[in-house]
Structure formats: C-alpha cells, structure tokens
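K.L.:
Please find one structure pasted underneath; my questions will follow.
Chains as they are written, first to last, in this note's numbering: chain A, 5 to 318; chain B, 70 to 295.
Written as structure tokens, this is what we have:
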C-alpha cells in the first residue's frame, strides 16, 4: 500500500486505454504511451499495467510495503528519502520510505510504474481515469492527499540494474516538429497556413487537448456533420486557434480537422508544454508507417531485453 | 493550467444534413496513418458486421451518420488493404430493416434558456412548440462525443435550429437541446453550441447499471412533459 502525502498537480491512474469509442467513450490511457511501456518494462510488468501519470509537478508518496518503481517520461526531479534518485531505471523502495517527485523543466508528463501495477476501478476493460466523466482509476478523479494506493500481486523477482538509453525516451525539447498527414478537409491554402510557421502552445493543455496560441482563418462550414475523431487530430474551431486532440478528447466532433499527427509522434504531442513551440511537417502514410515501424522495433527490442533480464534474475 | 482547459468541440456544434455519399457507392478517406473513414449508406450494417467479425488489423469501428471510421494498426495492415477488405465486406451486406429498437420515453422539463427563442424561430407559441416536439418519433442515429451522448434524428425541417454563434462554455448535465438536424441530451457538463429547450433527470450514462448507456442506435425516443 502506498499513501499519498501530496498528490501533485494532476496525477491519475492510466493504462493502455479502452476501445469503446463506438459508445461515445474516449480512449483514455497514458498520454505518453512510450513512457508507460518503458516504465512497465523496467519493473517487470505487462506493457499495459496501470501506472501513475504525473503532470508538471509530481506527488509525494509514503510506501507502507516494499515496492519496485520506475519513472519514465519528462525529466522530473525525484528523491527517495531526501536523496536524488535516477529516472529510467528500476528502484527498490523499502517499507516506510518516502518518494518525492518534484517538477520538470522540460516536457509535461511522466509515468510512475510500480511492480504488479496499480489497482483501480476497471471500466470497459481499462483502469484509466476519465476525469471528464469521472470514472476509472481512483473513483474517476486525480489522486488526493490521504489516498491509499494499492498494488496488484506480483511474483517476487530481483530488481534489474539496466537503465534506459536517453534516445529511447520521448523527446521533450521545447520546440517540436510533429509529423502530420493531411486529411480531405485540408484545402491547399489552409495547409500552407498550418505548415509554414511554428505555433506556440497555450496554457490550455490538458488530457483532452492542446490549444495553440496563434489563430489562422478557419474555414467555417456550418453544414459539416459530426464525424468520428481520432487522437492526434488537429481541430480547427471557428476562432481559428488549432486544438490537438489527446486521449481524453470527445469521440466525435463537428469542426474541420485538416491534419492528423502521425501515430509515431503522439507521445511527443503529449509532452507539449505551455510556452513551447510546435511546427507541423507534412508526411505521407508510407513515411509515417516507416517511422512507426522503426520506433516500434526499438521499443519492442528494449521490452524483450528487459524481459530477458528479468527472466535471468540479472 | 491543466484539468479544465480545452473545450474541444461537441458533436453538439454541428449542423447540416447527412449526404457525404452519392448514391450507394462507398467513399474512403484516410484520417492520418491509422484510421480510415468509410462513407456508405450501409454504415449501420458495416458497423454490426465489423463488431461480429473484425477486419484484420482493425482495432475499433466508430459510427457516425452514414459513416464508419475504422481505427487500425498500421503495423498490421494498410489503408489500401483495408479499403479492399471493406469493399468486399460491403458487397456481401444488404440493408437491415429499421425500427427494430426499443421505444423509449424521455421525460423533459421544458423551459431551457433557448426555449422561447426556438418557439419564436418556428413562429409558434411555446406551448404549441413543446407539443410538437413531444409528438415527434425520434430515433437514436448513433452514440458519440461523450459517454451517453446520442445523436437523435427525426426533426422536421422547420424544427431544425441554427446553432449558437458562440458555443456556451458550460452546458449543464441533463440539458435537452436542438442543433441542426439533431436533437440530443448532454449527459455531463460540457461546452455546447446547441439550443437548450429543457432538461431531464434520466441518467444517460451510469456505470452502476448492467448496461451503462441508456439508449442504443436504432431505439425510438419520444419526449414527454415532466
């Protein structure tokens, strides 16, 4: 059991998300899916075990039992019993010890995986927290001071010493170039407008979406019907300030969506931080898939290596 | 900063009619590298077919009016392969009978902030306008936007309301609203651009129920005065 001494700005349980968009229910799940997979692999969990997603400022946790943890994602400061401890590797926390996760100067989110995985409310096959509708995770809300988080049972294993090469992590640079694909709604002039300059990330950045600061002339089509959305869509409301959709966004929308961020860059989209800048780079489906295959291959190799190390008891 | 920032948009900000499809030919439009939008009059049949026997590489099928969007893994299939598979599937489907859903009654307390405006817009008294709304056989076309939100069809042209010029930032849960060709009920507090004519206490999404979503595509719905 883990006691929450300080919840942090917005800490929620997230796993790989759910697949019931046909019922109007958002996907949810870790915004930086790479961070979730890496953190789970380090502690020896299944790739989709529920972990704690922390945002900009982390929680302070007192462990009542021994645990194995790993933090991956944005470079948050982390202290165990007051001493700095490294990210991107598995750590043992003894019963009675306190883990204090501070802030990050780059990026937005990180995932704290705990061996066994966090227990939480399962809704439509996922423990992910949906804050808007208030379900999943910890009663559908962020963790609060005084909460007692519980872990699912796990087999006793040794803690592996491997640490991840920084190149495996999602980029959290303050300027991001996101690869995008044009949709049928991308008229040439609009496409040129969207791709020729950088945009600033506004303070409106949450798990539903990231709003950009500059506006462009939005095509207003009152006859546009409501269509299914996908995560990574760039949506253009009438005020012309683009919104990039994240995992908690609504499943359908009526605004034009001229671009979709390539799947390989969705984790980086999740790390966009208010004040940072973002530029869109057009790619085609072949390029997007090739990049995804490459990234997936590296991630898969890492997961398999860590699994092998766990099996060796290294 | 985080927590309540982005409005996103509602399906509830839409107006307009269907008609993405000419005749009975399917249209295909990729959405990024891992989704394919299929426009077809057989959308309902395609959705049911995909739910019963998923197409290879497809993770989810999401409906809209005359549309099914297939979310797929680009590591397992491509938009082109998928398009061929969908064509083959569509060729084997025939239209299912409509009107086989349940008959649901939705008690509404009429008196929303836009009720008077809507009645004026139709040139009727509020009473007459409400009577007419309650007489309509509405149908759940599809679910989407937020858990429990349904797009209801069946509004005659003169009851179709233009959306608000600027969406409200907060529409209270339970608000019954009209927007373009649609009627709908906001299950949770969200932003919204439709005209609010009343409210209901029916919980449209309740995880305590065996079936959390109150209505399903194909169900008939009638409003009544609460």
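We treat Cβ as the ideally placed atom computed from N, Cα and C, and that holds for glycine. All figures in this text were calculated on a predicted structure; none of them were measured in a lab.
Taking residue 97 of chain A as the reference, give the member of A/263, A/301, A/71 with the closest Cα.
P.N.:
Start at 1 with the first residue of the first chain, and residue 97 of chain A comes out as number 93. When each option's Cα is compared against that of residue 97 of chain A, the closest is A/71.
K.L.:
Looking at the unbroken beta strand (DSSP E) that takes in residue 168 of chain A, where does it start and where does it end?
P.N.:
Sequence index remark: in the first chain, residue 168 of chain A carries index 164 (1-based). Unbroken run through residue 168 of chain A: none, as it is neither H nor E.
K.L.:
According to the Cβ coordinates, are residue 284 of chain B and residue 272 of chain B closer than 9 Å?
P.N.:
As a first step, residue 284 of chain B is located in the second chain; it is residue number 215 there, counting from the start. As a first step, residue 272 of chain B is located in the second chain; it is residue number 203 there, counting from the start. Taking 9 Å as the Cβ cut-off, residue 284 of chain B and residue 272 of chain B do not qualify as a contacting pair.
K.L.:
Can you grab the Cα-Cα spacing for the pair residue 262 of chain B / residue 222 of chain A, in whole Å?
P.N.:
Walking along the second chain from the start, residue 262 of chain B turns up at place 193. Walking along the first chain from the start, residue 222 of chain A turns up at place 218. Straight-line Cα distance between these residues: approximately 17 Å.
K.L.:
In the DSSP assignment, find the unbroken alpha helix (DSSP H) run with residue 314 of chain A in it and report its ends.
P.N.:
By one-based count along the first chain, residue 314 of chain A stands at place 310. From DSSP, the alpha helix (DSSP H) with residue 314 of chain A extends over 289-316.
K.L.:
Less than 9 Å between CB atoms is the rule here; does residue 251 of chain B satisfy it with respect to chain A?
P.N.:
As a working mapping, residue 251 of chain B is identified with position 182 in the second chain. Yes - at least one Cβ of chain A is within 9 Å of the one on residue 251 of chain B.
K.L.:
Does DSSP classify residue 39 of chain A as helix, strand or coil?
P.N.:
As a working mapping, residue 39 of chain A is identified with position 35 in the first chain. Here residue 39 of chain A sits in helix by DSSP.
K.L.:
Based on Cα-Cα distance, which residue from B/104, B/258, B/143, B/159 lies nearest to residue 263 of chain A?
P.N.:
Position 259 of the first chain, counted from the first residue, corresponds to residue 263 of chain A. Nearest option by C-alpha distance: B/104.
K.L.:
How many Å lie between residue 305 of chain A and residue 111 of chain B at the Cα?
P.N.:
The residue given as residue 305 of chain A occupies position 301 in the first chain. The residue given as residue 111 of chain B occupies position 42 in the second chain. Spanning the two alpha carbons is a distance of roughly 42 Å.
K.L.:
So which residues of chain B does residue 190 of chain A contact, with C-beta pairs closer than 7 Å?
P.N.:
As a first step, residue 190 of chain A is located in the first chain; it is residue number 186 there, counting from the start. Under the 7 Å cutoff, chain B gives no residues; its nearest Cβ is about 11 Å from residue 190 of chain A.
K.L.:
I'd like to know whether the C-beta of residue 55 of chain A is nearer than 9 Å to at least one C-beta of chain B.
P.N.:
By 1-based counting over the first chain, the position of residue 55 of chain A is 51. With 9 Å as the cut-off, residue 55 of chain A does not count as an interface residue toward chain B.
K.L.:
Along the chain, where does the alpha helix (DSSP H) containing residue 271 of chain A start, and where does it finish?
P.N.:
Your numbering for residue 271 of chain A matches position 267 in the first chain. Looking at the DSSP string, the run of the alpha helix (DSSP H) that includes residue 271 of chain A is 270-274.
K.L.:
Tell me, please, whether the CB atom of residue 297 of chain A is closer than 9 Å to any CB atom in chain B?
P.N.:
Counting from 1 along the first chain, the entry for residue 297 of chain A is found at position 293. So, interface residue.
K.L.:
Are residue 202 of chain B and residue 265 of chain B touching if we call contact CB-CB under 9 Å?
P.N.:
Locating residue 202 of chain B in the second chain gives position 133, where the first residue counts as 1. Locating residue 265 of chain B in the second chain gives position 196, where the first residue counts as 1. No; because the gap between Cβ atoms is not below 9 Å, this pair is not in contact.
K.L.:
Go to residue 159 of chain B, then tell me how far its alpha helix (DSSP H) extends in each direction, as first and last residue.
P.N.:
Taking the second chain and counting its residues from 1, one reaches residue 159 of chain B at position 90. From DSSP, the alpha helix (DSSP H) with residue 159 of chain B extends over 148-160.
K.L.:
Whole angstroms are fine: how far does the CA of residue 193 of chain A sit from the CA of residue 35 of chain A?
P.N.:
If you number the first chain from 1, residue 35 of chain A lands on position 31. If you number the first chain from 1, residue 193 of chain A lands on position 189. Their backbone Cα atoms lie some 31 Å apart in a straight line.
K.L.:
Name the DSSP beta bridge partners of residue 76 of chain A, please?
P.N.:
Sequence index remark: in the first chain, residue 76 of chain A carries index 72 (1-based). A/115.
K.L.:
Residue 244 of chain B lies in the beta strand (DSSP E); which residues open and close that run?
P.N.:
Mapped onto the second chain, residue 244 of chain B falls at position 175. 244-248 is the extent of the beta strand (DSSP E) around residue 244 of chain B.
K.L.:
For residue 247 of chain A, which option in A/67, A/274, A/229 has the closest C-alpha, if you only look at C-alpha atoms?
P.N.:
The count along the first chain starts at 1 and reaches residue 247 of chain A at position 243. If we check each option's Cα against that of residue 247 of chain A, A/274 comes out closest.
K.L.:
Give me whichever residues DSSP pairs with residue 106 of chain B in a beta bridge.
P.N.:
Looking up residue 106 of chain B in the second chain gives position 37. Residue 106 of chain B pairs with B/98, B/138.
K.L.:
Could you check the C-alpha separation between residue 12 of chain A and residue 206 of chain A for me, to the nearest Å?
P.N.:
Walking along the first chain from the start, residue 12 of chain A turns up at place 8. Walking along the first chain from the start, residue 206 of chain A turns up at place 202. So the two alpha carbons sit approximately 21 Å from each other.
K.L.:
Hey, quick one: how far does the beta strand (DSSP E) through residue 103 of chain A stretch, first residue to last?
P.N.:
Position 99 of the first chain, counted from the start, is the residue given in the question as residue 103 of chain A. Looking at the DSSP string, the run of the beta strand (DSSP E) that includes residue 103 of chain A is 102-105.
K.L.:
Do you know offhand how far residue 260 of chain A's Cα is from residue 189 of chain A's?
P.N.:
In the first chain, the residue the question calls residue 260 of chain A occupies position 256. In the first chain, the residue the question calls residue 189 of chain A occupies position 185. Taking the straight line from one Cα to the other gives about 7 Å.
K.L.:
Classify residue 113 of chain A: buried if its beta carbon has 16 or more other beta carbons within 10 angstroms, exposed otherwise.
P.N.:
In the first chain, residue 113 of chain A corresponds to position 109, counting from 1. So residue 113 of chain A counts as buried.
K.L.:
If we define contact as Cβ-Cβ less than 9 Å, is residue 302 of chain A a contact residue for chain B?
P.N.:
One-based indexing of the first chain puts residue 302 of chain A at position 298. Taking Cβ atoms only, chain B never reaches closer than 9 Å to residue 302 of chain A, which makes this a no.
K.L.:
Distance cutoff 9 Å, beta carbons only. Does residue 91 of chain B sit that close to anything in chain A?
P.N.:
On the second chain, position 22 is the one that residue 91 of chain B refers to. With a pLDDT of 41 at residue 91 of chain B, under the threshold of 50, the modelled position of this residue cannot be trusted; read the value that follows with caution. For residue 91 of chain B, the answer is no, since every Cβ of chain A falls outside 9 Å of its Cβ.
K.L.:
For residue 150 of chain A and residue 141 of chain A, I'd like the C-alpha separation in whole angstroms.
P.N.:
Your numbering for residue 150 of chain A matches position 146 in the first chain. Your numbering for residue 141 of chain A matches position 137 in the first chain. Their backbone Cα atoms lie some 16 Å apart in a straight line.
K.L.:
DSSP beta-bridge partners for residue 130 of chain A?
P.N.:
In the first chain, residue 130 of chain A corresponds to position 126, counting from 1. Answer by DSSP bridge pairing, in chain order: A/127.
K.L.:
Enumerate, from N- to C-terminal direction, the unbroken beta strand (DSSP E) stretches of 3 or more residues contained entirely within the region 191-272 of chain A.
P.N.:
Listed in chain order, they are 203-209, 213-216, 237-239, 247-249, 263-265.
K.L.:
Tell me whether residue 294 of chain B sits in a helix, a strand or coil according to DSSP, three-state version.
P.N.:
Walking along the second chain from the start, residue 294 of chain B turns up at place 225. Residue 294 of chain B: strand per DSSP, three-state reduction.
K.L.:
Name, going along the chain, the residues of the region 28-51 of chain A whose beta-carbon falls closer than 7 Å to a beta-carbon of chain B.
P.N.:
Under the 7 Å Cβ criterion, the region 28-51 of chain A contributes 28, 29.
K.L.:
Is DSSP giving residue 196 of chain B helix, strand or coil here?
P.N.:
Position 127 of the second chain, counted from the start, is the residue given in the question as residue 196 of chain B. Correct three-state label for residue 196 of chain B: helix.
K.L.:
With respect to the alpha helix (DSSP H) encompassing residue 163 of chain B, which residues constitute its N-terminal and C-terminal limits?
P.N.:
Along the second chain, one-based indexing puts residue 163 of chain B at 94. Where residue 163 of chain B is concerned, there is no enclosing alpha helix (DSSP H), given that its DSSP letter is neither H nor E.
K.L.:
Starting from residue 251 of chain B and walking both ways along the beta strand (DSSP E), at which residues does that stretch end?
P.N.:
Within the second chain, the letter at position 182 stands for residue 251 of chain B. From DSSP, the beta strand (DSSP E) with residue 251 of chain B extends over 251-254.
K.L.:
The alpha helix (DSSP H) that contains residue 85 of chain A, what's its start and end?
P.N.:
Taking the first chain and counting its residues from 1, the one referred to as residue 85 of chain A is at position 81. Looking at the DSSP string, residue 85 of chain A is not in any alpha helix (DSSP H), and its letter there is neither H nor E.
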